[in-house]
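The block underneath contains the structure these notes are about, expressed in structure tokens.
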Amino acid sequence: MKHVAIIGSGSWGVALAICLSNNGIPVKIWSYEEEEKRLINEEKRCMFLPNVNIPDQVKCSTDFEEVIKDSQFILHVTPSKFTRSIFRQYKEYVGDKPVIICSKGFEKESLKTLDEVIEEELPSTKIGVLSGPSHAEEVSIAIPTVLVVASKHDDVLTLIQNTFMSEKMRIYTSKDVKGVELGGALKNIIAFCAGVSTGIGLGDNSFAALVTRGLGEIARLGVKLGGEKDTFYGLSGLGDLIVTCLSEHSRNRKAGKLIGQGKTLEEAKKEVGMVIESIDNIDVAYELGKKNGVYMPIIETVYKVIYEKLDPKEAVKDLMTRDKKSE
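If you read the sequence shown in this note's numbering, its first letter stands for residue 192, the second for the next number, and so on.
The structure is reproduced here in structure tokens:
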């Protein structure tokens with residue numbers, strides 16, 4: 192049986208490795224750190240998932256060729272800001288293997304989605320996007336989870352669906368690559384706002400309004416960028432938005448909560464201790480909205496909170512006192 196290559200040894204990469212291993216599929220993970228390699232291979236644990244035992248079928252290496260050679264497909268699971276630089280390091284080994292993007296975000300410098308980054312680097316690559324409501328902490332202990340994989344290629348959709356499906360993991364398929372990817376990237380920003388809302392002591396009414404109107408902003412920008420509207424009311428949009436806005440597992444929500452409680456951005460990053468995709472992508476979403484003429488008051492306001500030092504309580508007042516509108 193061919194193994195699956197996973198590029199990235201963070202919590203989500205390891206959780207996906209455990210999920211596949213539970214289906215009897217061997218996995219090789221690439222890590223850039225020797226210590227993470229040692230922890231996975233020798234102690235069978237992940238520093239980001241301290242209560243989980245990693246199966247013996249999961250191996251780790253710092254060598255791209257060793258991880259990718261003879262694999263079925265590649266799961267790309269690195270922070271979005273490193274996607275291009277890391278893909279450049281391993282693209283010579285890709286060949287005809289599909290690359291499935293499991294990261295959620297944008298390339299800040301170019302405002303490109305991650306599928307555009309990989310396609311630009313290696314146009315012949317068959318690309319897929321795996322997304323949906325899924326915390327690594329729950330997937331790693333086999334709590335039933337439902338995801339969606341999007342690709343323009345039917346064989347990629349079939350391969351991913353057949354490889355992952357089990358009584359603990361259900362996979363739906365979609366042809367809307369742009370919509371699935373954008374839903375996963377943009378929901379992190381609204382989850383950050385949900386955390387801010389909690390941090391300043393707002394209630395359920397405020398939360399519901401934020402999530403509902405935030406989803407509207409995600410859909411408006413997503414459709415303008417080429418996604419299908421219905422996609423944003425499915426697993427990678429509404430589904431992922433719910434789980435990320437509600438859960439204490441969410442690093443994006445946690446970061447926002449800390450900002451709402453008065454912590455600085457650097458203090459919040461330090462306390463969360465992992466990459467916070469929302470903070471890396473708020474300015475991207477803001478620029479995309481301006482560039483494409485999309486009205487996005489929530490994203491514009493959180494941009495001001497982060498980059499113009501607008502007080503979060505004043506931000507709420509600004510949102511509540513805008514011009515009257517119809518829904």
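Beta carbons are placed, not taken as given, at the ideal position from N, Cα and C, and that holds for glycine.
Spell out the partners DSSP gives W221 in its beta bridges. I198 and S252
C-alpha gap between I292 and I259, whole angstroms: 15 Å
Does DSSP put I467 in a helix, a strand or coil? coil
Nearest-angstrom Cβ-Cβ length linking C251 and I231, presumed shorter than 8 Å: That pair is a contact at about 4 Å.
Nearest by alpha-carbon distance to V496: which of D509, R361 and L416 is it? Ranking the options by Cα distance to V496, first place goes to D509.
Note down, in chain order, each residue of its chain lying with its Cβ closer than 8 Å to the Cβ of K303, except the 5 sequence neighbours on either side. F297 and E311
Nearest-angstrom Cα distance between F423 and D367? Near 10 Å, if we compare the C-alpha coordinates of D367 and F423.
Using only alpha-carbon positions, find the residue among T403, P270 and E234 that is nearest to E518. T403
Buried or exposed: S325, going by 16 or more other Cβ atoms within 10 Å of its Cβ? buried
Cβ distance (whole Å) where C384 is taken to contact L401 below 8 Å: In this structure C384 touches L401 by the C-beta definition: roughly 6 Å separates them, less than 8 Å.
Burial state of E226, where buried means 16 or more other Cβ atoms lie within 10 Å: Within 10 angstroms of the beta-carbon of E226 lie fewer than 16 other beta-carbons, which makes it exposed.
Mind checking whether I309 and H267 have CB atoms under 9 Å apart? Using a Cβ distance threshold of 9 Å, I309 and H267 count as a contacting pair.
Residue nearest to A506 in terms of C-alpha spacing, selected from E468, L305 and E491: Taking A506 as reference, the option from E468, L305 and E491 with the minimal CA-CA separation is E491.
Top-ranked residue by Cα proximity to V314, from G323, K295 and E283: It is Pro, not Val, that sits at residue 314 in the sequence shown. Ranking G323, K295 and E283 by Cα distance to P314 puts E283 first.
Reduced DSSP secondary structure (H/G/I, E/B, other) of S342: strand
So the candidates are F239, L479, F264 and T336; which of them puts its Cα closest to the Cα of I197? Of F239, L479, F264 and T336, the smallest CA-CA separation from I197 is found for F264.
Could you name the residues of the same chain whose beta carbon sits closer than 7 Å to that of N379, not counting the 5 residues immediately before and after it, in chain order? K295, T435, N443, E468, S469 and N472
Tell me, which residues are paired with G319 by DSSP? I291 and S342
Looking at the structure shown, is L264 part of a helix, part of a strand, or coil, going by DSSP? Looking at the sequence provided, one finds Phe at residue 264 rather than Leu. It is a strand residue.
For I334, which of helix, strand or coil comes out of DSSP? In the structure shown, the three-state DSSP call for I334 is coil.
Paired residues, beta bridge with R279 - DSSP: The partner list for R279 (beta bridge, DSSP) is empty, contrary to what the question assumes.
Under the three-state reduction of DSSP, which class applies to F355: helix, strand or coil? helix
Applying the 10 Å Cβ sphere with the 16-neighbour rule, what's the burial state of K288? That one is buried.
Would you please state the rounded distance, in angstroms, between the beta carbons of T316 and V285? I believe it to be under 8 Å. 6 Å
Just to confirm the assignment, what range does the alpha helix (DSSP H) spanning I497 have? First-last of the alpha helix (DSSP H) with I497: P488 to Y498.
If you drop the 5 nearest sequence neighbours on each side, which residues of the same chain put their C-beta closer than 8 Å to that of S441? H326, A382, G386, V434 and T435
Inter-stretch contact (C-beta, 8 Å, three-pair minimum) for the region 443-456 and the region 386-397: yes
Whole beta strand (DSSP E) elements within the region 348-412, 3-residue minimum: 360-365
In three-state terms, what does DSSP make of F273? Three-state DSSP puts F273 in a helix.
At the level of alpha carbons, what is the spacing between R279 and G405? 34 Å
Who are T304's beta bridge partners in DSSP? F297
Ends of the alpha helix (DSSP H) at G447? R442 to G451
Taking the alpha helix (DSSP H) that D421 falls in, what are its first and last residues? Run containing D421: none; DSSP gives neither H nor E here.
Cutting at 7 Å between CB atoms, please list the residues of its own chain near F255, excluding the five before and the five after it. W221, Q280, Y281 and Y284
Output the distance between the C-alpha atoms of T269 and K359, rounded to the nearest integer angstrom. Take the alpha-carbon of T269 and the one of K359: they are about 24 Å apart.
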